[in-house]
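Student: First to last, the protein sequences are chains G and L. For the first sequence, our numbering puts the final residue at 927, and the numbers step up evenly by one. For the second sequence, our numbering puts the final residue at 348, and the numbers step up evenly by one. This structure is in structure tokens; I'll ask about it shortly.
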Amino acid sequence: MTPPGGDTVETASAGSDSVRTDLDAGDLSELRLREWMADRSWDPFPFQEECWEAWRSGADGLLHAPTGVGKTLAVWGGAVLSSLDSEPELADAAAHGQDLAPLRLLWITPLRALARTTLEQLTEVVLALELPWSVELRSGDTPSSRKSRQLQRLPTVLITTPESLSVLLSRREGARQLRGLRGVVVDEWHELLGTKRGVQAELGLARLRRWNPGIQCWGLSATLANVEEALDVLCGAEGGGASHADCSRADRLHSDQPHSSQPHASRIHSSHPQANRLRSSRLHSSRPRRVIRAQLACRSVPEVETVVPPTMGRFPWSGHLGLQLLDQVLPILDQDGTTLLFTNTRSQAELWHDALRRSRPGWGERLALHHGSLSREVREEVEEGLRKGSLNCVVCTSSLDLGVDFPAVDRVVQVGSPKGVGRLLQRAGRSGHSPGRRSRLVAVPTHAFEMAEFAAAREAMDQGRVEPRAPVERPLDVLAQHMVTVALGGGFRASDLLAEVRTAWAYRALTDREWQWVLDFVTRGGSALQAYPRYHRVVEGEDGVFRVPDRRIARQHRMSIGTITSDAALTVRFLKGRTLGSIEESFLGRLRPGETFLFAGRRLKLVRIREMTAYVRRADRGKGAVPRWMGGRMPLSTELGERVLGLLPRWGARLPSSGDDGGAGPLPAREEQALAHLLELQRRWSLIPSPNHLLVERTGSREGHHLFIYPFLGRLAHEGLAALLAWRLTREAPRSVEFSVNDYGFELLSPDRLEVESWPTLLSPDGVADELLQCLNAVELARRQFREIARIAGLVFPGFPGRGKSTRQVQASSGLIFDVLERYDPENLLLDQARREVLDRELNVARIRSGLMHLQGLPVEVRETERLTPLAFPLWADRLHATVSSEAWIDRVRRMAGQLERAAGE
Amino acid sequence: MTRWVTGRRPEDDRDPHRPCGESRSGGGESHPEGGGARTQRAGGVPGLPGHYPLTWHGQELHLLGDGALHWPSRGTLLVADLHLGKEAVFRARGLPIPDGAGQETLNRLERTRTRHLATNVVILGDLVHGPEGWTPETVTAIRNWRTRVPGTVWWIRGNHDRAAGASPHPLGLEEVEEGVVWSGLELRHTPPHDGLESPPVICGHLHPVIRLRASGSRGRLPCFVVDPQVLVLPAYGVFTGGHPVERRPERRLLVAAQEAVVEVARTRTGRGSGHRR
Chain G
22 MTPPGGDTVE TASAGSDSVR TDLDAGDLSE LRLREWMADR SWDPFPFQEE
72 CWEAWRSGAD GLLHAPTGVG KTLAVWGGAV LSSLDSEPEL ADAAAHGQDL
122 APLRLLWITP LRALARTTLE QLTEVVLALE LPWSVELRSG DTPSSRKSRQ
172 LQRLPTVLIT TPESLSVLLS RREGARQLRG LRGVVVDEWH ELLGTKRGVQ
222 AELGLARLRR WNPGIQCWGL SATLANVEEA LDVLCGAEGG GASHADCSRA
272 DRLHSDQPHS SQPHASRIHS SHPQANRLRS SRLHSSRPRR VIRAQLACRS
322 VPEVETVVPP TMGRFPWSGH LGLQLLDQVL PILDQDGTTL LFTNTRSQAE
372 LWHDALRRSR PGWGERLALH HGSLSREVRE EVEEGLRKGS LNCVVCTSSL
422 DLGVDFPAVD RVVQVGSPKG VGRLLQRAGR SGHSPGRRSR LVAVPTHAFE
472 MAEFAAAREA MDQGRVEPRA PVERPLDVLA QHMVTVALGG GFRASDLLAE
522 VRTAWAYRAL TDREWQWVLD FVTRGGSALQ AYPRYHRVVE GEDGVFRVPD
572 RRIARQHRMS IGTITSDAAL TVRFLKGRTL GSIEESFLGR LRPGETFLFA
622 GRRLKLVRIR EMTAYVRRAD RGKGAVPRWM GGRMPLSTEL GERVLGLLPR
672 WGARLPSSGD DGGAGPLPAR EEQALAHLLE LQRRWSLIPS PNHLLVERTG
722 SREGHHLFIY PFLGRLAHEG LAALLAWRLT REAPRSVEFS VNDYGFELLS
772 PDRLEVESWP TLLSPDGVAD ELLQCLNAVE LARRQFREIA RIAGLVFPGF
822 PGRGKSTRQV QASSGLIFDV LERYDPENLL LDQARREVLD RELNVARIRS
872 GLMHLQGLPV EVRETERLTP LAFPLWADRL HATVSSEAWI DRVRRMAGQL
922 ERAAGE
Chain L
72 MTRWVTGRRP EDDRDPHRPC GESRSGGGES HPEGGGARTQ RAGGVPGLPG
122 HYPLTWHGQE LHLLGDGALH WPSRGTLLVA DLHLGKEAVF RARGLPIPDG
172 AGQETLNRLE RTRTRHLATN VVILGDLVHG PEGWTPETVT AIRNWRTRVP
222 GTVWWIRGNH DRAAGASPHP LGLEEVEEGV VWSGLELRHT PPHDGLESPP
272 VICGHLHPVI RLRASGSRGR LPCFVVDPQV LVLPAYGVFT GGHPVERRPE
322 RRLLVAAQEA VVEVARTRTG RGSGHRR
């Protein structure tokens, strides 16, 4: 097996379209790739060939495809072939002396768990093509000895995470080697898009592109609506906000880079004239961008089947169903093969795991639990079991949404509404990887209306509609971190870095003022700190280059690179040895030694808490509290909310008692049948909501006067909307208004009757942002939001691992720092950012404003109801939940539901 | 989740002395009061802390809303954990924190001292935060403040003070050994290991705070801890954090809520919340 001894090889075999007498390294490798696939009886899919062709033509691109269809091979094949086209000696072992080929390709993955499988897949292709390449991983899990060896010489292909890429950029040696890159692939780009991690990757890519404008950049994505935008974000802004003068200067800078593609341009095979032209082009913005969608007959829309309970109450409340459907779910799990049972929260996963363990004691080790708070060791064990197919059932959360495909997974069960089409699609896609099999998902609603949500999600899937993900706009905390990173990795000149940063999509509209502030922040700590000579993180040298002179600060910065904030979490471990995972301090802090709780699928007894570790031992009995992790509930997506609202009146119109007997429509779905009683009652007592009007129900009770309003905009938007309306009502007249919200609507409750003089005035979108900041406790919201910002911008230091005490002197909570900054440095732009993030992310003001604009134009249908309607009941129950203990709550809700059922009659 | 919105004007919500607690519920908990950890004003002088009289081991002591302890019979104010110069320590380690908190800590102390007509002050340790905390500004601020105190300022060195080393300039403070006994009460920085043998102890060091809500980790307010043999003061410094204290049946917890001192229930209620609805 000799590798090709040059860049042209005599061959008699026919190419795909024309007969050639000589083949360059790229063509030869493509032939080998096809042969290798043929040996496995794989026929390249059209989208795979398209990817290879697009890479070889020099394009940037995004491959949009569901999981498990050969995405990796498509993009990876293209990356390899394109590199060989432009640098044929990469295929030549002799060309690199003792070493394997130097760093050329970078594969960025958001998930460390994914990295290992990717490594295997990429290596397989490299071996098949007989390339003298090394493929290695570098992530937070990589041993430090390997990391420092890698710094001396990086592999030909490096698989890494956005954080590890930043750490590399902060190393002078790493940064030097990264200049040789020709291609970058970002896996699961849809997961990064819309997050600060994504912005971190954008900044890293901007840097790589500046060093080598010819670098090709590809993303892999699934389940996304805004594919074109996703590609633009990945490939950067065309010239950014920078002037042309900036670009041409940047261009001059590139021309002296050692790895410019120019030397090889002449060798490009003449069958790629376009590529030739493109590769010699110096401005990345002029390169074509391609979106390739995998259309596969064998992977059609997943099948979604809903479990319908035998009896269905007309007054749904969350927590009512769910586990009650266990008996109907068990037969599904009893079938052969492996089932993934997804829940929406970690607490729910613990509860389901516990219930299954008791119902199926015989399963023992074949029942497993997987969620983000479990230790890596525990999770890897489960993943290994999935790989081997040795598990009957894994109860899991979004921790298994992404990543490695487990061919052994036969079916997926989703407990509770997925709240988004994309998520349902993704989860369904975890099953049925065998060729020709359709993914199948069993939906388990946790309350009656979730039937409609599942039906709406299925409808959206059938029509190929999923949610978009909005990219993040100019987060200054991420920029501040990146600036220090670049200062560490060899330093920067201010004007050069500004031009570069503006080519990153998130910062294309970065203002000069913001730039200057961030520069001040990392050099002097912000405007308030100008008078303190002892503070310096980044220092401008006499040569005009900004660097980090202090080694302690350098080390500190590298330790804290990243944008993921986790709550103060305590490690949970057995007295003797094994670490199980981590739980937020807020939960464990309330437990006393001797109390039991449910975690990692076990009943545990707390022994003691020492130095951020909770020591536990196994508990034999005891009820056991279930930890509640922060940020559990996801709001209903806009797409899904609109669909549910559209679906209810259609179902209502087909009710047996309505004038239209529904004979003409398609066969009603099972969900529709199950909801028929409930909708019939809703219509009898009030009105079925519809996109053509805004339903408002008014009712009185001993508690006071209730207004129930149903815009179907999702929990997040309703929270702001309810606060806004309550505030506006209290300004009209002095009174107090209490509110509660869910995904469909919200309730306003007041001791006085709430008369609305003018709905259009009440629903006016004017001045929404200001009013929201006034009526919600905006300071508190911003203070909470600041936690992440402080961590990313380097205002708090998370500490070195295992060295708790040495850094204690500089430990302070972000809340405390927020207070100090607000008082003594109110101009700090990071405070502004916290407020902006509250408006955009926490409250989603844009959504509230557009919602109001729409609602304002709708006729308002006010219905006076004698009692709580099926739509109002869950809102009432939720509000009650907040004020009484759990046991009393269940009793009261049951009693009320019984009363209402009796009132509704048969 | 529910929240109350009442007919107050928005400016009523602004409370310049809002303690470092939080007021928005973390996830689905109710929130009857709406804004901040507001308490009724005691004392009647706006902006000045109220006080809570406590007879402890035969001594009349006043717990003050800002976290100081007034001992009227000795004309003395006791404070713990000022952590002056903490901002400078942070800056020296590359964390950009502006100045201001230290000066405000001293200003607040001086306001409280004059209002309660205390002649002397005892600092129960951790006057400064660390070696880099001895900035010229901090030293000057301490010396200026010292000149305003007519009596004596005693200083028990705390662990942070020992780590910080000597002040570059004399401060005019009277250093006393940890463990000095006044009228049968022992004054210390750190709590004793066993409080049974020794006389009753007044100390600091722990930065006690109490959680005021079941969910979320930030519903925390500084508090006095009154055990049978140990009385712990909250941290007095503006730029200080806290550690939650455990509730015990024999333990009294009194929140230092600026305008007032409020005792919370001694035993755990419901979901561990001291918040009555």
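Glycine included, each C-beta is placed from N, C-alpha and C at the ideal position.
Counting only C-beta atoms, is L:Arg228 closer than 8 Å to chain G at any point?
Tutor: In the second sequence, counting from the first residue as 1, residue 228 of chain L sits at position 157. No, because no Cβ of chain G sits closer than 8 Å to the Cβ of L:Arg228.
Student: Measuring only from the beta carbon, is G:Val487 closer than 7 Å to any heavy atom that is part of the ligand NAP?
Tutor: Because no ligand of any kind appears in the structure shown, any question about the ligand NAP cannot be addressed here.
Student: Am I right that G:Leu540 and G:Ala515 are in contact with their C-beta atoms under 8 Å? What's the rounded C-beta distance?
Tutor: For this step, residue 540 of chain G is matched to residue 519 along the first sequence. For this step, residue 515 of chain G is matched to residue 494 along the first sequence. Right, their Cβ atoms sit about 6 Å apart.
Student: Please compile the residues from chain G whose C-beta is within a distance smaller than 7 Å of the C-beta of L:Asp152.
Tutor: The residue you call residue 152 of chain L lines up with position 81 of the second sequence. Those within 7 Å of L:Asp152 in chain G number zero; the least Cβ separation is about 13 Å.
Student: Near G:Gly725, which residues of its chain fall below 6 Å by C-beta distance, leaving aside the five closest residues on each side in sequence?
Tutor: Residue 725 of chain G sits at position 704 when you count from the first residue of the first sequence. Counting only Cβ-Cβ distances below 6 Å, and skipping sequence neighbours, we find Leu770, Ser771 and Pro772.
Student: Along the stretch 164–187 of chain L, where does the CB come closer than 9 Å to a CB of chain G? Name the residues.
Tutor: Arg164, Gly165, Leu166, Pro167, Ile168, Pro169, Asp170, Gly171, Ala172 and Glu175
Student: Would you tell me roughly how many angstroms separate the C-alpha atoms of L:Gly196 and L:Asp232, rounded to the nearest one?
Tutor: Sequence index remark: in the second sequence, residue 196 of chain L carries index 125 (1-based). Sequence index remark: in the second sequence, residue 232 of chain L carries index 161 (1-based). Computed Cα separation, rounded: 7 Å.
Student: Bridge partners for L:Val280 per DSSP, in chain order?
Tutor: The count along the second sequence starts at 1 and reaches residue 280 of chain L at position 209. Paired residues: L:Pro293 and L:Pro315.
Student: Along the chain, where does the beta strand (DSSP E) that runs through G:Arg311 open and close?
Tutor: For the purposes of this step, residue 311 of chain G is taken as residue 290 along the first sequence, with counting starting at 1. Note, G:Arg311: beta strand (DSSP E), Arg310 to Arg314.
Student: Quick check: is the beta carbon of G:Ile582 nearer than 8 Å to any beta carbon in chain L?
Tutor: The sequence position of residue 582 of chain G within the first sequence is 561, counting from 1. At a cut-off of 8 Å, the C-beta of G:Ile582 has no neighbouring C-beta in chain L.
Student: Report the rounded CA-to-CA distance for G:Arg41 versus G:Asn233, giving the unit in angstroms.
Tutor: Counting from 1 along the first sequence, the entry for residue 41 of chain G is found at position 20. Counting from 1 along the first sequence, the entry for residue 233 of chain G is found at position 212. Reliability of the predicted coordinates at G:Arg41 is poor, the pLDDT of 43 falling under 50, and no value is obtained from them.
Student: I need the straight-line Cα distance from G:Gly766 to G:Asp787, nearest angstrom please.
Tutor: In the first sequence, the residue the question calls residue 766 of chain G occupies position 745. In the first sequence, the residue the question calls residue 787 of chain G occupies position 766. Cα to Cα, the separation comes out at about 21 Å.
Student: Nearest to G:Arg174 by alpha carbon, out of G:Gln69, G:Gly201 and G:Val777?
Tutor: Working through the first sequence from its first residue, we reach residue 174 of chain G at position 153. Selected option, being the one with the closest Cα: G:Gly201.
Student: Do you know whose CA, among L:Pro271, L:Arg214 and L:Ala151, lies nearest L:Gly129's CA?
Tutor: Walking along the second sequence from the start, residue 129 of chain L turns up at place 58. Checked all of L:Pro271, L:Arg214 and L:Ala151; the closest Cα to L:Gly129 is L:Pro271.
Student: Tell me which residues of the stretch 303–314 of chain L have at least one Cβ-Cβ distance to chain G shorter than 7 Å, keeping chain order.
Tutor: Phe310 and Gly312
Student: Chain L beta carbons: is any one of them nearer than 8 Å to that of G:Phe818?
Tutor: Taking the first sequence and counting its residues from 1, one reaches residue 818 of chain G at position 797. Yes, because at least one Cβ of chain L sits closer than 8 Å to the Cβ of G:Phe818.
Student: Output yes or no for whether 8 Å exceeds the beta carbon distance between G:Pro323 and G:Leu446.
Tutor: The residue labelled residue 323 of chain G in the question sits at position 302 within the first sequence. The residue labelled residue 446 of chain G in the question sits at position 425 within the first sequence. Taking 8 Å as the Cβ cut-off, G:Pro323 and G:Leu446 qualify as a contacting pair.
Student: Take G:Pro220 and list the residues in its own chain whose beta-carbon comes closer than 7 Å to its own, dropping the five residues that flank it on each side.
Tutor: As a first step, residue 220 of chain G is located in the first sequence; it is residue number 199 there, counting from the start. Checking the sequence shown, residue 220 of chain G turns out to be Val, not Pro. Once the five neighbours on either side are set aside, the close Cβ partners of G:Val220 are Val493, Pro496, Val499 and Ala527.
Student: Got a sec: which bits of the stretch 531–549 of chain G sit with their beta carbon under 7 Å from any beta carbon on chain L, in order along the chain?
Tutor: Phe542, Gly546, Gly547 and Ala549
Student: Could you run through the stretch 206–231 of chain L and flag, in chain order, every residue whose CB is less than 9 Å away from some CB of chain G?
Tutor: Thr206 and His231
Student: Any idea if G:Met504 is buried or exposed, counting beta-carbon neighbours within 10 angstroms, 16 or more meaning buried?
Tutor: Within the first sequence, residue 504 of chain G is the residue found at index 483, counting from 1. With 16 or more other Cβ atoms within 10 Å, it is buried.
Student: Thinking G:Ala893 and G:Leu669 are a contact (beta carbons under 8 Å), I'd like their distance in whole angstroms, please.
Tutor: Counting from one through the first sequence, the residue named residue 893 of chain G turns up at place 872. Counting from one through the first sequence, the residue named residue 669 of chain G turns up at place 648. G:Ala893 to G:Leu669, Cβ: 15 Å. No contact.
Student: If G:Leu531 sits next to G:Val522, beta carbons under 8 Å apart, how far is it from one beta carbon to the other, in whole angstroms?
Tutor: The sequence position of residue 531 of chain G within the first sequence is 510, counting from 1. The sequence position of residue 522 of chain G within the first sequence is 501, counting from 1. Their Cβ separation, rounded to whole angstroms, is 7 Å, which keeps G:Leu531 and G:Val522 in contact under 8 Å.
Student: Leaving out five residues on either side along the sequence, give the residues of the same chain with a beta carbon under 6 Å from the beta carbon of G:Trp780.
Tutor: Within the first sequence, the letter at position 759 stands for residue 780 of chain G. For G:Trp780, where only same-chain residues beyond five positions count, the Cβ hits under 6 Å are Val881.
Student: Starting from G:Ala635, trace the beta strand (DSSP E) in both directions and tell me its first and last residue.
Tutor: Working through the first sequence from its first residue, we reach residue 635 of chain G at position 614. G:Ala635 -> beta strand (DSSP E) spans Thr634 to Arg639.
Student: Can you give me the C-alpha to C-alpha distance between G:Ser276 and G:Arg870, rounded to a whole angstrom?
Tutor: Reading the first sequence from its first residue, position 255 is the one you call residue 276 of chain G. Reading the first sequence from its first residue, position 849 is the one you call residue 870 of chain G. With a pLDDT of only 35 at G:Ser276, under 50, the local geometry of the prediction cannot be trusted, and the value read off the model is given with reservation. Linking G:Ser276 to G:Arg870 through their CA atoms gives a straight-line distance of about 48 Å.
Student: Note down, in chain order, every chain L residue with its Cβ under 7 Å from the Cβ of G:Tyr731.
Tutor: One-based indexing of the first sequence puts residue 731 of chain G at position 710. Ordered by position in chain L, no residue passes the 7 Å Cβ test against G:Tyr731, which lies about 17 Å from the chain.
Student: I'd like the list of long-range same chain contacts for G:Gly91, defined as Cβ closer than 7 Å, with 5 residues on each side in sequence excluded.
Tutor: As a working note, residue 91 of chain G is residue 70 in the first sequence. So the list reads Phe66 and Gln69, once near-sequence residues are dropped.
Student: Within 8 Å of any Cβ in chain G, is that where the Cβ of L:Arg162 sits?
Tutor: Position 91 of the second sequence holds residue 162 of chain L. Yes, its Cβ sits closer than 8 Å to a Cβ of chain G.
Student: Would you call G:Gly383 buried or exposed, if buried means 16 or more other Cβ atoms sit within 10 Å of its Cβ?
Tutor: Along the first sequence, one-based indexing puts residue 383 of chain G at 362. So G:Gly383 counts as exposed.
Student: Where does the unbroken beta strand (DSSP E) through G:Thr93 begin, and where does it stop?
Tutor: Taking the first sequence and counting its residues from 1, the one referred to as residue 93 of chain G is at position 72. Segment Lys92 to Ser107 is the alpha helix (DSSP H) holding G:Thr93; no beta strand (DSSP E) there.
Student: When you compare each of G:Glu776, G:Glu759 and G:Ser396 to G:Leu896 by their alpha carbons, which one comes out closest?
Tutor: Indexing the first sequence from 1 puts residue 896 of chain G at position 875. Closest by alpha carbon: G:Glu759.
Student: Could you give the DSSP three-state label for G:Asp162: helix, strand or coil?
Tutor: Counted from its first residue, the first sequence places residue 162 of chain G at position 141. Coil, per DSSP.
Student: Against chain G, does L:Ala328 count as a neighbour if the rule is that its beta carbon must be under 8 Å from one of theirs?
Tutor: Taking the second sequence and counting its residues from 1, the one referred to as residue 328 of chain L is at position 257. So, not an interface residue.
Student: Quick check on this structure: which residue in L:Ile194, L:Pro293 and L:Gly236 has the alpha carbon closest to the alpha carbon of L:Glu248?
Tutor: If you number the second sequence from 1, residue 248 of chain L lands on position 177. With distances taken between Cα atoms, L:Glu248 lies closest to L:Ile194.
Student: Which runs of the alpha helix (DSSP H), 4 residues or longer, sit entirely within the stretch 832–861 of chain G?
Tutor: 835–845 and 850–858
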